[in-house]
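Chains as they are written, first to last, in full-length UniProt numbering: chain A, 1 to 292; chain B, 1 to 292.
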């Protein structure tokens, strides 16, 4: 029999299928499975494609989906879409899945720093989250947040409001003439704006070794991410923390985050396993077993 | 004969018509005349409505329009639209018009703090601007900027990341359950998002007398606005400054701005006249006379 784990996301979705002995039968990454973006038909199309790649339909599937459990009408649409393609399935929120994978069902706080940011976890005092208010006024420390601030610092330096910084090279590195041309590029397609802004975080990381403003920005991102985590850790009565997401690929962010954790006596660990691995394992062990 | 002045804007457009003796024949405020928002037909419709209110078509008109002089294709569309309705006209950028009105054609720096923000002026060393990079990563100190930061401070306080603040009352004051419902309200209509966020600045001003975080935010807005102006003043070699826009209706912003100006030896003055008055006067005195 085949067991399918799904780690759903706004830009990509990873599918990991195991056989009875736990061997990987399929490890496939496709596009967005986020319902508000792709609709019920989009979710179904993704699942159909995956099933077509498998030697037989999965006996059980566990899916961590973006926004699941947050809006009743989305939940219903997700259930309908999945139910039409897969015979036996268990749905949960993508952040909850990442948390379960990080701590294998045990207590702790997971700090997520990707395109967005959030802390989610469980401790002796309960289950909770911090952050996750989205790009408009939240997502502190995320790749989007870093990108917006990098453009702001560049614009201030251009005006002479702040000292010069290598962040002013961002337009040239993007093949644009100036910041106003970067702005036009970001405004030309609202559906791509968020990921385009977030992609600037990598440029900031590249410039950081030679630029104080870029380093300061990454340091600040680490502080914001750590602040999300440590606030939630105190609230829930735990001091175990793990981190996940593209922003932590920056050694500047990672090292600043480590220093803060060490100073505050936080028991920092790498995630036990990734979300897709967690989902596949849950599918193989019974569909909704959280502590695996 | 009748002379028409137009102060165009993203949310409203003011029309001021004078007769030969300078008496006000019409003072009318209608909706947006911003070409990217209302299109050529929208601009024409506004002008037709104004002409219908006048006893005769205006002999000359001066119009300050949003974005004029920035994008060649917009300029052409603006000229076509205006030319179809008005026999004799002179177009200029809305910010340039506001600057001319503020200083009557003399040197100085105008700091604009409305939905957006910008400094624009002229000095011995030339003509220039600072800021004006838009809501995505600029517009520091604007009503939009204040609104975003108020929501951010409220969300941090909700999480326990920051101390409690009365800014947490924003959802209730808007008739919403919580910040996520405010977020949904802002996301439901992209065309209204900017003005809805900017409208929160007034709530911040109302809460400021009893709330340290709100006061701190308005103080910071004043610093950002002043920083725009003083950077440009130094760059252009002048120390004359005026200010304009809804954000300055807050006594907290105004007083902080005044203190900074006084400390830095800036010759701060009220605008000589408003943009619509400037445009009407220019129309009456010859169509493109800037120094009136």
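Note that the Cβ used here is the ideal one computed from N, Cα and C, for glycine as well.
Residue range 190-207 is occupied by the alpha helix (DSSP H) that includes residue 199 of chain B, with no beta strand (DSSP E) assigned at that position. Residue 64 of chain A and residue 44 of chain B have their C-alpha atoms spaced approximately 52 angstroms apart. Per DSSP, the continuous beta strand (DSSP E) segment holding residue 15 of chain B begins and ends at 13-19. A residue is called buried when at least 16 other Cβ atoms come within 10 angstroms of its Cβ; residue 13 of chain B meets this threshold and is buried. Residues of chain B whose Cβ lies closer than 7 angstroms to the Cβ of residue 155 of chain A are, in chain order, 133, 137, 138. A Cβ-Cβ contact shorter than 8 angstroms links residue 95 of chain A with residue 120 of chain A. For residue 93 of chain B, the nearest beta carbon of chain A is not closer than 8 angstroms to its own beta carbon. With respect to chain A, the C-beta atom of residue 2 of chain B has no partner C-beta closer than 8 angstroms. When rounded, the separation of the alpha-carbon atoms in residue 31 of chain B and residue 97 of chain B is 19 angstroms.
By the CB criterion at 8 angstroms, residue 218 of chain B and residue 122 of chain B fall outside the cutoff.
Under DSSP, residue 117 of chain B takes part in a beta bridge, and its partners are B:113. Pairing residue 152 of chain A with residue 138 of chain B, the inter-Cα distance amounts to about 6 angstroms. Here the stretch 243-260 of chain B does not lie against the stretch 71-88 of chain B, with fewer than 3 beta-carbon pairs under 8 angstroms apart. Shown here, residue 2 of chain B sits in a strand according to DSSP, grouped into three states.
At least 8 angstroms separates the beta-carbon of residue 240 of chain B from that of residue 205 of chain B. The beta carbon of residue 245 of chain A is closer than 6 angstroms to those of 112, 113, 114 in its chain, skipping five residues each way along the sequence. Contact between residue 272 of chain A and residue 101 of chain A holds: their C-beta atoms lie close to 7 angstroms from each other, under 8 angstroms.
Put simply, the CB of residue 238 of chain A is far from chain B, with every gap to its CB atoms at 8 angstroms or more. Using a Cβ-Cβ cut-off of 8 angstroms, residue 130 of chain B counts as an interface residue toward chain A, since at least one Cβ of chain A sits closer than that to its own. Under the DSSP assignment, residue 63 of chain A falls in the beta strand (DSSP E) whose first and last residues are 60-65.
In summary, the residues of the stretch 159-172 of chain A whose CB is separated from some CB of chain B by less than 8 angstroms are 159, 160, 161, in the order they occur in the chain. The beta carbon of residue 143 of chain A sits closer than 7 angstroms to those of 114, 115, 198, 201, 246, 247, all from its chain and outside the five residues before and after it, given in chain order. Chain A has a Cβ within less than 8 angstroms of the Cβ of residue 151 of chain B.
A Cβ-Cβ separation of about 7 angstroms places residue 6 of chain A in contact with residue 61 of chain A under the 8 angstroms criterion.
Counting along the chain, residue 50 of chain A sits inside the alpha helix (DSSP H) bounded by residues 35-53.
Classified as buried, residue 171 of chain B has 16 or more neighbouring CB atoms from the shown chains inside 10 Å of its CB.
DSSP places residue 31 of chain A in no alpha helix (DSSP H); its state is neither H nor E. In this structure residue 166 of chain B touches residue 210 of chain B by the C-beta definition: roughly 6 angstroms separates them, less than 8 angstroms. Rounded to the nearest angstrom, the Cβ distance from residue 54 of chain A to residue 25 of chain A is 7 angstroms, consistent with a contact under 8 angstroms.
Burial is judged here by how many other beta carbons sit within 10 angstroms of a residue's own beta carbon; residue 150 of chain B has at least 16 and is buried.
Near chain A, meaning a CB-to-CB distance below 9 angstroms, the residues of the stretch 184-202 of chain B are 186, 187, 190, 193, 197. The DSSP assignment places complete beta strand (DSSP E) segments of no fewer than 3 residues inside the stretch 202-274 of chain A at 240-244, 267-269, in order along the chain. Annotation for residue 175 of chain B: no beta strand (DSSP E) segment contains it, and DSSP assigns it neither H nor E. Counting only residues of its own chain and dropping the five nearest sequence neighbours on each side, residue 93 of chain A has a CB closer than 6 angstroms to the CB of 68, 69. With respect to residue 283 of chain A, residue 3 of chain A sits close: the two C-beta atoms are nearer than 8 angstroms.
A straight-line Cα-Cα distance of about 18 angstroms links residue 19 of chain A and residue 275 of chain A.
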